[in-house]
Amino acid sequence: MPATEQTLWNMKTLHVVFGVSAIGLLVATVAMLTADHNRPWKKYQREFRDLETWTTAARVAEEDSRAFEQRARELEQGLAEARRADLEPSLTEAFLAEVRTVAADSEAAALAAADVERLRGEENLEERLVLRGDLLQRLRDIVDRCRFREDLSAGQLKLSKAELDKARADYELAVSDDLPASQLDQLLATADEVRERVAEASRTSQADTTHRKKLEELLRRITAPEDDAAKALADHRQSLEMITKTLADKAPNIGKSVLELPVLDAFNSPLRIDQIWLPKLTFNNNFRDVARFDRCTTCHKGIDKTAAGAPTDPAYPQLETLTISLATPKKPPLLVGEGETEASSSRVVTIEGDGNRQLEKAYGMQLAERGLFDPDAPTVSVVLPESPAAIAGLRTGDVIESIDGGRSYARGVALTGLIESPDWGRPLELVVRRGVPEPYSSHPRLDLFVGSLSPHPKQVFGCTICHEGQGSATSFKWASHTPNNPAQARDWHDEYGWFDNHHWIYPMLSERFEESSCLKCHHQVVDLEPSSRFPEPPAPKLVKGYHLIREYGCYGCHEINGYAGADTRVGPDMRLSPPYHEVAEALLGDPGLASVDPAAAGWAREVRSGPDTRQARERLVDLVARDAEAGEDAKLTPRSHTLAPLLKDPETPGRFPKVGPSLRYVASKVGFDWLYSWLRNPMDFRPSTKMPRFFGLWDHLSGAGLEESQRYEPIEIRSIIAYLQAASEPFDYVQPYEGITAKPDPERGRKVVQVRGCLACHQHEEFPRAMSNQGPNLSRIGAKMQSNPNGAAWLYSWLREPGRYHPKTLMPNVLLEPVTLPDGTVSDPALDATVWLMQSTDDWQPEDIPAADRLTDDERAATEELAQLYLEGRFTTKKAEEYARGGLPESMADIKGDETMLVGLTADSPGRDHRLLEYVGKKTIAKLACYSCHNIPGFEDAKPAGAALADWGRKESSKIAFEQIVPYLMHQLSGHGGHGHGSAHGSEQDPAAAHMSIGDERTAGIPADRPVAQDLAYASGEQPHVSPESVDPDTGYFLEKLLAHDRQGFLWQKLREPRSYDYKKTENKSYNERYRMPQFPFDAEEREAVMTFVLGLVAEPPAEEFLHRPDRREQARLDGLVVAEQYNCGGCHVLETDRWDVRYEPGELGEAPTLADYAFLQPHFPVKKLEDSLETDRRGRRLASLHGMPILDPETGKPELVDQDFVPIDREEADEDPEIIPHRPFMLYRDAIVDGEPWAVGSQTIYVPEDALAAGKTYPPRGGDLARLLFPVVIADEKEINPNVKPSDAWGWLPPPLVGEGSKVQSGWLHKFLLAPHPIRPAAVLRMPRFHFSTQEAAALVDYFAAVDGAEFPYDYDARYEDSTLAERERSHPGHLDDAMKIVTNTNYCVKCHLLGDYAPPGNPKALAPQLTAVQQRLRPDYVHGWIGNPKRFLPYTGMPVNIPFDKPVSQELYRGDSDQQLSALTDLLMHYDTFANSRVSLEAYLQPAEPEKPAENNPPGNAAPPPAAEAENESPLENPLRSADLPDAGDPLLGSSAASNRRRPPRRRRLE
Amino acid sequence: MHSNELFLQDVSGFLGGYYAAIAIINGVMAVLLWKRYDSPGWAAVWAAFASVMMILASLALTGTEGTVPALPDAARSLVNTLSGPVNYTVGTTVLLVGLFVFRRFFVKPMVAWSLFNAAVLLMGLSMADQNFALIVMKPDNVPIVGLVFLLAFFTWVATKQAVVNDERIARGEPPMEKLADEKVLVWPDLVYTELICMVAVSALLLVWALLLQAPLEEPASSVKTPNPSKAPWYFLGLQEMLVYFDPWYAGVVLPSLVIFGLMAMPYLDFNKKGNGYYSISERKFAYLTWQFGFLELWITLIILGTFLRGPNWNFYGPFEYWSPYKVEVLNNVDLRDMFWVNFMNMPRPVAASGSPWYVQVGTILLREAPGLLLLGGYLVILPPLLAVTVFRRYYAKMGFIRYMVMANLMLLMLTLPIKMVLRWTMNLRYIVSIPEISLNF
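This is the structure we're talking about:
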């Protein structure tokens, strides 16, 4: 068919359709561009820019304030004055004199001189200014003319030089052309002539230059005053100009506004996405690791902004509300108009203009015309330094919410409150809202994070490596923000469309768990404790969790392995240490051990309790392996063969001990009744116990499941006791000392407990101030020990030698030795303490205890049922039943496993019930994993029972069994919880239950049955109406997590009620398949702390360079800290002193002490630091950082309080009397800077006004609790003997602060001392106990002290150790040591107090000082040198005086020389005391005359006879250069100190008088 | 986690708009019926319906439980209880058969409109259920819902055309399509309409992209597959087959046969009628076979796979929460065990270990004999049998090869429903199971 004009569709319709669809497309496109324009981050960026503009404008306003102008005017005035002042006559004179040296300028000089005269005579200021300007111009003209001449002569010089070049060239050309000599001579003459001219020109030019420079310099000096003034003014203006420029840059302008218009902004908008590319901080996408792109800063623009002038303070703090007291002036701020005086204006104040002038006058502040986020809000824009507003603490950007209780919702209202209505002279109370809302605020810890000076700068770390979440997202909901509670979830949902995007497997950590991710890199955890660099705790919650896990020993059941392979660290490593000592104990119990090798028992004992066991272990392993190879003839049991390989060194051994006491000898310690009560519910006996509860956790049970528990649990408890008692090995109690004549006295015992260090770790109700919970509370210890007939003997043994019972116990041997009492009798403090502790029962009695020795029929049946349940694991049901009743036949004697216990048992064999119980007991112990915390015979090789935690923080929720936990919680929360309460588990009586009630204290006030019209998606119709929002926020948070099947929820409930996951599951489980985890007595806060730690275990360390790898010193500090915390060194000793960062008014802390001392003892600070200390903040205060200890009140032991006259006062007095300005005295332990002056340690007490303290910050000390606790006690004790006791002396009797210990003692000595402490200070009331350290642990502590003090470690060297140094001294001062000894032995000096060898000074033993002969081994030479110079510089409380003042040497009769030399001599003597003493002792009397024999080649020098002296002397130095170098010169007096030479000298002996 | 209240708040805006949209189109329909088609009765009905929808819209906008229109709990539980693969498959089959048998009734516009309204209303009421909405509103699934409606519409249009044509042909008139078969112009009839389509589709895509953001799913992991792991929607029919067949058959053979069958179709088709126009009566066999294969064995299985298969590939009712903990009994039995163990009451033949290969093969063949015989009978005996009985006429017309191809294709297609029925009724796992060479059928 031919084409026609006829179309199929009606064209008109098509046009309409086309038009409509085109409009549709347009609309869609516009919608798209609108959506782009409205992306939320653009709004945030615009807002943030406004915020920055506002803040900068406020700064401009502040800088531009009257004070600024005032200063500018002052400077201008200064400049004007400088410009009007006379020119310095001597300078002008000199200038003119110089000018006159040039004839051409003499006229100008004359004119200038006339001008100077005119200026001098002129009185009119204006005229002067003009005249002076003219004169200066004239002078400048002269200089210019000089420069002109200088240029001229330089040009002349240049020209003549060119001529010279030509003349020279002419001559040389002539030479090469071989011209006649005459011509050559002529040419030469010409050249000489020209050279003469050049020389002349050069002289002129140099003279001109010198002349000009001289004039210029003089002129500079003449104008210097006015130039300086001009520069000061320019500088002053420049800062303002800079901010103004910043403001101009930041403020919106037309260009930017255009680019930001809708549609246009899709292309090249100034608003753009910020992203940080982190190629090495990858995140795991399963198939590969992907680079991180963090775009968080697109919205969080202000995250790294710091406040002006404070590099770690946030510029935009997070929102908070504070109350501020603003002082008002006495008089109203009247603006004195023209013709008015202030006195005349007593009328009512009214606001004038914008009120800012009045505000500034009264308070030194201004209110912005327009608020920041709310235009009407009264927002502080200007706060002048040191004004009342600044002193009150107001800051730019603060919004005044109320004034004296009246709400100030608008600027005008606030103005009225501030200007019109105040009661002048009385301070106003302002409620102030400070900070900005999210996402504008800065990071609160810029010192740690994000800031460019922090260890985690933004560009290097980004955000999501710590916070997690989806960094590439640019909108709130896709960034996977995580709300911190259901209410926040609701708000976010409503405001931002937030939802729980469970597809993003790395959701942001909620606020409560944000510290978790620190563990990714900080595997050692202790590096997150406060340190001197970061005194503010960096991650307190995480650290708390870590300590809780350590204290409660979670790692016993749940392995926390920080290694993936030998060298790859993936997280904190908290594995149990290898069970060496347990295996050794098991081997010791093997009767065959002695017959294998007589030495074996010795090795095993060494492994059991020696500090370094490697060698003994290796020997034992070999021994047992050989025995095992003997097969039939093996003398050891198969069990020993199985265990011995455990003695080998694993690749990377764990380091954490089992937290519970050893149960290997438990039968010697406690009895049945107590054990039963304890196992049933440990909190019954000791409410503060760390032992978790295993039994009676029945809240989730009902019906048959509950009945089963009620029936079996008592049997399980009894069976555990039965096994423990049966397996318990005999214990060798410690026998009391011989020769004790005093009757044991509980009162003395009480004192022993109080002062001999027990309270460093233990609590007792009689000493309520002792708070440590390192060890158990001792208040009821008597009741426990009385349950065993040998309890007292055990307790005595434990006090004397804890290691005998438990070789690795943290309880040290406190070295209690017999004491002679004043009445001459001898008492045994351990016995006294035992007697007293046995009386500490708190009237506690075990209750409801079944008979220990027999079972009722019902109990027997239950025991058999339990046995059968276990036997069913190996045998058929029928056989199991049979064996449970009648035991295993003898024919099965060689069966392996626990069932051997039942071999040969018949229904009527004696003790059958007990054996059955033992079998069930062993199985129960294995089931409940008691061995994870306790050393139990038969379980030396048992493996951790719980899930490993190394990557629990990423555990797939699909791998977590949530079971019926939501219905359970719903029931519980709606008040229907707790079906099967056993009678023993009423929540009223049960502290554990009270501890764990839902939501704990925070739930209070929320009725449990509050009806909430919300259902849950997961809930079927049966659920009670409970939702996350209807309960308290914390419970709600976790409930929400449980509903979402999030691991956080699981963990929370697992820690709260671990067994509740059996809710409605027991019906379909056998009894032994139930959950076994016990309930720990955590409160809500502790639970979250533990969770924070566990959730941080992700086993995904970031790239190597991001892992926290401290340097050697820091590593040593951290390693030592782990040990120090484990053994509670801080219980007694101060490891780090208090730190007070005080903000004081200049001069407030008093005059700096004059420091006249040895040069090497002077505190030295960089000049910059001293200058910085003079800076004042806006309140006019200076900052000083003081390290030391507050001085304690000798009666109460609390920090002392004194008034302004330093008279001690009470807190009440201070509160009542407004005249009193309370001060806190402080003893410096580190040199400080106050008011630009150094304050040295030991110089004087510093009195800190309390308001200076309150304005600053204080950081608590680390450790020293016992010392502080005992401080008043020992003073009171001493007062009975010596009423004039000096309180500060008491520090010398208490555990010493270990600040500076590393630079004080020698590493080798400290190591030995830690392993085997001996008394040092005779005056100390308690001795350093002996801990059961391994050598590595001791070494870690030694290195720790050296590392924190910056001392050398692990070895220390000092030239003073060298004999050659000594020889040098001896050469320059013959009799060096002998003379030094004269000082030592002079009764006015050292031996007045110090022990020296066998000499003890008479007098009060409390005044005795340490043995001097031991100094050589103990102290570092530098320290000794400094210490003798001025002991107080090292220990501010020491009683040791300065014996050799720097300017006053001791008598020259003793030692000839100045103070420095005497000091060195004493040091040398003390550091070489052995050498000195040896030189005075002959050993000839002890030695047999040597038989002549051939010299042995490898004889050690000590044992073999030395080579005959003649031979040595005949030896040529060439043949043995070493010998000649080593042997001192025969004439050297030092020879006397060489051991080898002793034999050739007559013995010299000296006795002290 | 959304509680129901939060959910209702979230969904209320959508539901309000949804009911309002239904009200508007019914209003438009009423106006059209009244003004253009002069059918005031129907106009009144739809106007009334529209006003009811407006009321529902306002109720929905409250966003509170109890007022948002929803199916009663009892109805939802009933639907959940009644749903299951058997009921679903049987139900859809019955529905399709009913639609076919009563097609002359269903193609009436007002009936169709009523059905449409019923469907969208039911959909709206169901959307107030969180579990239902969670599945249906998943951004991935929204287009599938749209496609379901589109498919229904086009099926209806085609059926209507066919019914009209059939009536015309019965009356001896030419089909509708023959009336308008003149040629049309490239411009404007083709190009202009294409342009319009382009513009309209661009607009649609933009709006779609703005309203339904691309969903973020969990990162792929070789150790953890999503539960449920679903194929792309168009392959969900195939995936459903995997429930009943071994992967090689359901995943390789059957899809290949589908493609082969589609290619072979023109060559198998000997019916000259129905070319270029819609008709059912003139080619009932072709129509039924096609529709059965497409609608029943493909589309309904996609719907089943998309909306009703949840975690662990279990079947979930439309209002049921997709709990990953739901467990179903899956103890299916192979035919050989049914035969040897249950029927013959003897252990199934096992070759002694170490016996020569031919003994092993023989034993396997013996073991699988019942299945092999059955299968052989089905594929070898049934086609000739059909050729001389039911398909005698076809056989005559098509000739041996074409017939055999057609018969085998059809029989193979039917293996799916047959196997499904056997699974449901007899818990039959495999008819032939030779795990030794990974061959199961």
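Note that the protein sequences, when read in sequence, are chains A and B.
Under numbering that gives the first Met the number 0, the first residue of the first sequence carries the number 0, and numbering increases by one thereafter.
Under numbering that gives the first Met the number 0, the first residue of the second sequence carries the number 0, and numbering increases by one thereafter.
Heads up, the beta-carbon is just placed ideally off N, CA and C, and yes, glycines get one too.
- [ ] Identify the contact partners of residue 195 of chain B in chain A, using a Cβ-Cβ distance below 8 Å as the criterion.
- [x] 13, 16, 17 and 20
TODO: Using alpha carbons as the reference points, say which of A/1294, A/1334 and A/1302 lies closest to residue 1322 of chain A.
DONE: A/1294
TODO: Using a Cβ-Cβ cut-off of 8 Å, state whether residue 23 of chain A counts as contacting chain B.
DONE: yes
- [ ] With residue 1368 of chain A as the anchor, note down where its alpha helix (DSSP H) starts and where it stops.
- [x] 1362–1371
Task: For residue 16 of chain B, the nearest candidate out of B/333, B/294 and B/123 (CA to CA) - done: B/123
Task: DSSP-derived helix/strand/coil call for residue 401 of chain B - done: helix
Task: Euclidean distance between Cα positions of residue 590 of chain A and residue 1037 of chain A - done: 55 Å
- [ ] Kindly list, in the order they appear in chain A, the residues whose Cβ is closer than 8 Å to that of residue 215 of chain B.
- [x] 477, 500, 502 and 503
Task: Supposed close pair residue 255 of chain A, residue 269 of chain A - CB separation, criterion 8 Å - done: Correct: roughly 5 Å between the Cβ atoms.
Task: C-alpha gap between residue 231 of chain B and residue 310 of chain B, whole angstroms - done: 16 Å
Task: Whole-angstrom C-beta distance between residue 443 of chain A and residue 450 of chain A, which should lie under 8 Å - done: Incorrect: roughly 11 Å between the Cβ atoms, too far for contact.
Task: N-terminal and C-terminal residue of the alpha helix (DSSP H) that residue 1422 of chain A is part of - done: 1420–1428
- [ ] Determine which residues of the segment 378–399 of chain B have a Cβ less than 7 Å from any Cβ of chain A, and write them out in chain order.
- [x] none
Task: Alpha-carbon spacing of residue 405 of chain B relative to residue 304 of chain B, whole angstroms - done: 29 Å
Open item on the list: Taking the beta strand (DSSP E) that residue 1222 of chain A belongs to, which residues open and close that run?
Closed with: 1222–1227
Open item on the list: For chain B, check one thing: does any of its Cβ atoms lie closer than 8 Å to the Cβ of residue 285 of chain A?
Closed with: yes
TODO: Could you work out which residues of chain E lie near residue 221 of chain B, taking near to mean beta carbons separated by less than 9 Å?
DONE: This model lacks chain E altogether, as its protein chains are A and B.
TODO: Step through the CB atoms of chain A and report whether any lies within less than 8 Å of the CB of residue 157 of chain B.
DONE: no
Open item on the list: To the nearest angstrom, how far is the alpha carbon of residue 772 of chain A from that of residue 1266 of chain A?
Closed with: 16 Å
Open item on the list: Just to confirm my understanding: we take residue 458 of chain A, look at its own chain, exclude 5 residues before and 5 after, and list those with CB closer than 7 Å. What are they?
Closed with: 275
Task: Short CB-CB distance (under 8 Å) between residue 205 of chain B and chain A - done: yes
Open item on the list: Need the endpoints of the alpha helix (DSSP H) that residue 57 of chain B sits in, please.
Closed with: 39–61
Task: When A/1171, A/582, A/1252 and A/1031 are compared against residue 1221 of chain A, the one with the closest alpha-carbon - done: A/1252
Task: Contact the segment 634–641 of chain A vs the segment 601–612 of chain A: 3+ CB pairs below 8 Å - done: no
Open item on the list: Under 8 Å, with one C-beta from each stretch per pair, do the segment 213–221 of chain B and the segment 38–58 of chain A reach the 3-pair mark?
Closed with: Segment contact: the segment 213–221 of chain B against the segment 38–58 of chain A, fewer than three CB-CB distances shorter than 8 Å; contact not assigned.
- [ ] Tell me the start and end of each unbroken alpha helix (DSSP H) in the segment 241–265 of chain A that is at least 4 residues and wholly inside, in chain order.
- [x] Entirely contained in the segment 241–265 of chain A, the alpha helix (DSSP H) runs reaching 4 residues are, in chain order, 253–258.
- [ ] Could you name the residues that DSSP lists as bridge partners for residue 568 of chain A?
- [x] A/562
TODO: For residue 417 of chain B, collect the residues of the same chain with a Cβ closer than 6 Å to its Cβ; drop the 5 residues on either side in sequence, then sort them by chain order.
DONE: Once the five neighbours on either side are set aside, residue 417 of chain B has no close Cβ partner at all.
- [ ] Step through the CB atoms of chain B and report whether any lies within less than 8 Å of the CB of residue 7 of chain A.
- [x] yes
Open item on the list: Mapping the DSSP letters down to three states, classify residue 442 of chain A as helix, strand or coil.
Closed with: In the structure shown, residue 442 of chain A sits in coil (DSSP, three-state: anything other than H, G, I, E or B).
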